[in-house]
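Written below as structure tokens is the structure these notes are about.
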Amino acid sequence: MDIGQPISIFYINGGMSSDLSVSLDTETSELELIEKDLASTHYATNQQKILRPFYSTTKRGSGAFNEMISSQSTASPTSVNIIDNSDNIKKQIHNKVFVELYDLDLQKSGEWTETARWIKYEEDVEGTDHHWGQPHVSFLSFHALLSLRKFMRTGMILLDCKAKTFLDICDQVANAMISEGITCRRRDIMQILAMKQAHPLPRRMTALSLAGSVFDRRPECNLIGSNTLDNAKLRIDLLKREHSFQTCNIRKQPTIAEEVDEMEHAALTEIQDIPISALKQQSFPNLPAIPAVQERLCLNPTKQSTTAYFISDSLGKVRTHSSEIHKGEDILKKLPVGIETAQIFVGVIPNLTKTYFVMLRLSEATVMPEILDGEVPLRFAVVILGPGQPDVSYHEVGRSIATLMTNTEFNAIAYEANVREELICGVDNFLDDSVVIPPGEIDNKRLLSGDEIRKALKKRQNRRKVTEEESSSPPKSEQKNDINFKRHFEKKEKCRFFSGMINDFEKRFPYYWSDYRDALNFQCLTSVVFMFCASFAPAITFGGLLGKYTNEKVGILETLMAQCICGVLWGIFAVQPLMIMSATGPVLVFEVSLYAFCTNLNIDFLTVRLYAGLWVLVISIITVAVDGSRMLRYVTRFTEDIFASLISVIFIAESLRFLYQTFIHNPVANFEFYRHIRQKCELNAFNGERNDSQMMSICNGEPNTALLTTFIMISTFALAYGLRLLRQSYYLGRTLRRALGDFGVLIAIAVVASVAHLLVPDPYLQRLEVPDHFSFTNIEARQHGLFVSAYLPLNQLWVIIVAIVAALLVFILLFVETEITELLLSRKDRCLVKGSGLHWDLLLMGACTLLCSIFGLPWMCAAAVQSLAHCSSLSVPKKTAPGERPGVDYVLEQRVTTIGVSLLMGLFAFGGSYLRLPLASLFGVFLYLGVMNLTGVQFVQRIILFFIPGKYFPDTPYTESVDIRRMHLYTAIQIICLIIIYAVKYFKRTALAFPFILMLFILLRQFFLKKIFTEKELKALDGDDETNNENGWLEKDFFEDAPLPV
């Protein structure tokens, strides 16, 4: 036989002294019982000795175990253990447990009613329609926990039992209760345990569905008639078990066999002869006389008849009812692979004299379709039956043991325990880590804050983590060797050029062909549609605004084609193909500033961009050669928050400025005002007189244009923002509201543009200038052919020097956005396994920049928000418990979706006149992006704290670890930096230099702030905020998860 295989079962004593056993018969409170219990078992001095075996890999010998068994007294309660005759005891591996709690209901027909369930958190049956409520953390009664500890000390613990069916479990529980001296007969106990199990509805049902479910529950007589043969077999099985139990001490085994054969024949004959109506009259002696179940259970002994049929009937109902209700239930789909179940049965039987507690653990988890449909095996069963007691609630005790089973520490003990003291020790540890809420009225919801509970639990976890690190830290000599090895490795790496790029290729190239095979999944098709809708709205918004600010030299069609070309190249050649190439706000702001700079110097805008693109590629090659991506470590939250706030302020300011200019050029006035203005303008033009600037600005004005523009802009913003709020609400279904929220910008543009097209005449609104056929936005304004000319007059060769400066500045933006997006995708919680390309992808970015410059297309960059959305659309979520933080099982890492989205963007460049959207609608999206970019920015949250009293501050690292004045000082420094960089951007002559100012802020953070703030303060203010990751990144808004602006 294999080592560690359980081979025999013995009843052993529980380890209590006779004095303590006598004290249990008295009315001793639970606290006094624990004190005496601790004194008798020497718990206070031996706690660590008991716990040590659970967390060590050493195995205990059976010699010491058998010696402990023989030392127990016969008066103490009983537990069952499996003894291994070999040198070791088999060690169990703990697992997640799905727990169901049933309460005994004898008021109607007698059934076990499911009232709660656990996977990780508790779900209770609520409402008059008995539906499942929201998952929540269990709030347990301290008295119930003490009662559970007493029951574990005095009750029956059956460890490593063997059972193939639920009837086997009922058999062993009945045997245990009889050995404890229960007053009921064994047949009656079996009848109670075998009652049908009633499950609540898996969802709220409509009246029609509820009526259908009533017809689906067949009458009892139909069940009896249809399952007569099965019931007879179950009855024979029960009779065999009962007779074998009663004659277990008889030595003549053939006599037992003969009697069993006779019983089989009699049972089959009886079942065939007795009519169905007679079968329903069953006996259940020695149970309390409850009127509601008088006829059902036949509590009068004079009406006693075939009891075995009642058991088989009940088991038949268990099987039928469970399969009907559970088959379509979502909870079984959410159970993780390998989970096991624990069934807890509690109930009140008035004629019992004391409480009977039986906890059973199977040696091997077994699938039992009688109690749970699906491939979920049973591991634990707990039965608590007793008389009604005013100070003990069996339901609360059942909730306590269920919560314990889902606790990680107690779960490990429950799987590995060999004696009851280990289970009791697990309960004591659970009590030590519990938080007690004092009784009394709670006047305000804020007074019972979950933040305080999380704070207390986090402190304990940190203390435990420190203790574990101290106990498991390697010797100093090993640490020195590791440090020396790392230094040697770093020196070796520094000597190689392009080492980072080579490593990127070595990691990703083996997966290249699988990147196309993995795309053979329907989810990839849905991802293409989703990402096209998520990318199209920003593309046409930025393209339309870029055309407005560059006098149509670069417009919406060029933007769509640039995103198409760069996206296809990125999907084919990039190391991280999940990144989405798109027009971004920072690059848009830089290009507008570059156009204004070139206009002031009277030099060609596209020619300067051509030389700047060439220099960007050169700078990229140099950066990749020296592994310049390591400089990204100096870009911290301090700089990111200022950068995101700057772009948001620019977006919001430009939207309001557009609205202001619209009111200036189109005053709100009556028709007579405009008729008078136009007559005057025509008269001045006929006489050759020049109108003043104010008159010229309103000569081409239209009545109602300002109000229509305001309405369209605010409507677009409000609709997009409202759909985003809907995504985070509880309205509609989860899938529908997420879809509406993710497509909110595109829906807002389409709805508002359609209404404007149908109801508003063209002269009253400014629209995008788009040719009817596929071409450049404005050939005359472009002044170049397909390729941008590199010709420069001899007196303008200094333009090349200007291009170098422009290239350095735009490379800062491209570097920061691309590398930070790579880091966001390479986090552990994204579950990407094929690697990332910080170095090669930066070089590919430089090549795409040069290609766009040659064709006169806008520069593309890695968009953080769209890239995170792309990764999310390809993520396959884990099966998580209700209420548990959603996680990712794996991600469909491939290249086809990126290529598909890019081709769709290029296809819509042929839209022609259909892309003539109202300019006010695009500025509404611009305003929306400006507001959404501020979501999750810690800098903005700290500005709000200026106006909030300290006692209402949220529980965050920067409010708990930093003094309030010093926190406000840090925020004030950021505000000053934001004002400086916005002032630089505001003036046209200096607007081009705002990326350089951003670099100065990085130096400010690394050298100046370290002299003002301590390392601990900077870590709290400038480090990663772990509190934002409580709900998981899949559930978070993409704007909140991305530190960079759109």
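Once you know that position 828 of the sequence shown is 837 in the numbering used here, the rest is easy, because the numbers rise by one and skip nothing. Where a beta carbon is used, it is the ideal one built from N, C-alpha and C, also for glycine.
For Val874, the enclosing alpha helix (DSSP H) covers residues 873 to 882. Beyond the five residues adjoining it in sequence on each side, Phe541 comes within less than 6 Å, by CB distance, of Val910, Leu913 in the same chain, given in chain order. Secondary structure at Gly556: helix, using DSSP grouped into helix, strand and coil.
In the three-state DSSP reduction, Ser591 falls in the strand class (E or B). In chain order, Ala715, Thr718 place their CB closer than 6 Å to the CB of Thr671, counting only its own chain and leaving out the 5 sequence neighbours on each side. Between Val391 and Phe151, the C-beta spacing is not below 8 Å. By alpha-carbon distance to Leu801, the top candidate from Ala374, Gly136, Asn611 is Asn611. A Cβ-Cβ distance of about 6 Å is found for the pair Val658 and Tyr991, placing them in contact under the 8 Å criterion. Secondary structure note for Gln670: its alpha helix (DSSP H) is the uninterrupted segment 646 to 674.
Under the three-state reduction of DSSP, Gly915 is assigned to helix.
Contact annotation: the segment 569 to 577 does not touch the segment 960 to 969, with fewer than three C-beta pairs closer than 8 Å. Counting C-beta pairs closer than 8 Å gives fewer than three between the segment 881 to 893 and the segment 811 to 822, which falls short of the contact rule. The alpha-carbon separation between Gln950 and Arg974 amounts to approximately 15 Å.
In this structure, Leu668 places its C-beta atom within 8 Å of the C-beta atom of Met722. The beta carbons of Lys843 and Arg517 sit closer together than 8 Å. Each of Ile178, Phe1017, Ile952 was checked against the Cα of Gln200, and the nearest Cα belongs to Ile178. In this model, Leu866 and Ser922 are separated by some 20 Å (Cα to Cα). Pairwise C-beta distances place the segment 788 to 801 out of contact with the segment 823 to 833, as fewer than three of them are shorter than 8 Å.
Cβ atoms of Gly846 and Gln585 come within 8 Å of each other, at about 5 Å. The shortest CA-to-CA distance from Ala634 to any of Ile758, Leu623, Phe507 is the one to Phe507.
Between the beta-carbon of Ala125 and that of Asp138 there is about 16 Å, and that puts the pair past the 8 Å contact cut.
Note that the C-beta distance between Pro595 and Pro1054 is below 8 Å. Leu381 sits close to Thr350, with the two beta carbons spaced by under 8 Å. Asn609 and Arg998 have their alpha carbons spaced roughly 8 Å apart.
Ranked by Cα distance from Ile198, the first of Ala185, Arg158, Ala207 is Ala185. According to the DSSP assignment, Leu371 belongs to the beta strand (DSSP E) that extends over 365 to 376. The three-state secondary structure of Pro1004, taken from DSSP, is helix.
Burial of Gly407 is indicated by the presence of at least 16 other C-beta atoms within 10 angstroms of its C-beta. Of all alpha-carbon atoms in Glu479, Lys474, Ile462, Arg370, the one lying nearest the alpha-carbon of Val428 is that of Arg370.
With respect to the C-alpha of Val808, the residue from Val779, Pro676, Val617 having the closest C-alpha is Val617. In this structure, the alpha-carbon of Lys171 lies about 9 Å from that of Thr375. When only Cα atoms are considered, Val934 and Arg733 end up about 13 Å apart. Judged by their CB atoms, Leu936 and Ser664 are nearer to each other than the 8 Å cut-off. With respect to the 8 Å criterion, Leu202 and Gln181 are not classified as neighbours on the basis of their beta carbons. One alpha carbon belongs to Asn560, the other to Ala799, and they sit about 21 Å apart. With fewer than 16 other beta carbons inside 10 angstroms of its own, Thr744 counts as exposed.
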